[in-house]
Amino acid sequence: MTHGMRTETHPQNLGERRDWRETATRYSLLPLRIFLGVTFVYAGLDKLTDSAFMKASGSGSIGDMMRGVRDSAAIPALVDLSLKSPVGFGYAIALGELAVGIGTLIGLWARLAALGGALISLSLWLTVSWASDPYYYGNDLPYLFCWTPLVLAGASYWSLDAVIRQRRRSAY
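Residue numbers (my numbering): 6 to 177.
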């Protein structure tokens with residue numbers, strides 16, 4: 006087995022000028038991070054401030070929504086679990102979305118936050134939006150795949166993770 010010689014085309018020193026392609030590549034995940042972070046913060050706050058949503062029954066409640074999707078969900082047992090305490094489930098989802106959104110925006114434990122976002126999106130896809138026909142009308146599946154690059158790459162720039170990483174390097 007032969008190995009090719011690695012040639013580095015990117016500047017190695019911080020003082021060297023970078024072209025626009027390299028800059029675009031470096032910051033390419035930042036718009037996705039901002040979009041997902043703002044969206045999940047908004048979704049969490051929207052649920053927490055909607056008095057109709059945080060009820061076990063009634064128009065617009067989490068309980069009625071979960072009962073409505075129970076028979077069309079991919080995993081009805083997940084819906085049954087949420088129906089044991091719909092208000093508790095509603096708070097768990099809302100607080101989870103808020104934590105994921107804030108963690109993503111500030112870049113603190115960014116991979117963990119992205120994994121949390123992916124798991125929330127996956128659970129919502131398997132329950133609430135599973136019956137969307139055609140499947141691309143449901144928004145939870147695209148959100149799941151939008152979280153994937155952030156799970157893999159984290160928040161390398163403009164993040165608390167980057168600040169912490171830099172301080173650790175400076176300490177040694």
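For glycine and all other residues, C-beta sits at the position ideal for the given N, C-alpha and C.
{"Query": "Can you tell which of Val74, Ile111 and Gly42 has the C-alpha that lies nearest to the C-alpha of Ala136?", "Result": "Val74"}
{"Query": "Excluding the 5 residues flanking Asp69 on each side, which residues of the same chain have their C-beta closer than 7 Å to its C-beta?", "Result": "Ser62 and Gly63"}
{"Query": "Assign Arg23 to one of three DSSP states: helix, strand, or coil.", "Result": "coil"}
{"Query": "Going by C-alpha to C-alpha distance, which of Ala176, Gln171, Arg170 and Asp166 sits closest to Gly108?", "Result": "Asp166"}
{"Query": "Name the residue from Ala29, Arg172, Tyr148 and Trp163 whose alpha carbon lies nearest to the alpha carbon of Leu127.", "Result": "Tyr148"}
{"Query": "Measuring alpha carbon to alpha carbon, tell me which of Ile169, Leu34 and Leu100 ends up nearest Leu53.", "Result": "Leu100"}
{"Query": "Excluding the five sequence neighbours on either side, which residues of its own chain have a C-beta within less than 6 Å of the C-beta of Ala48, listed in chain order?", "Result": "Glu102"}
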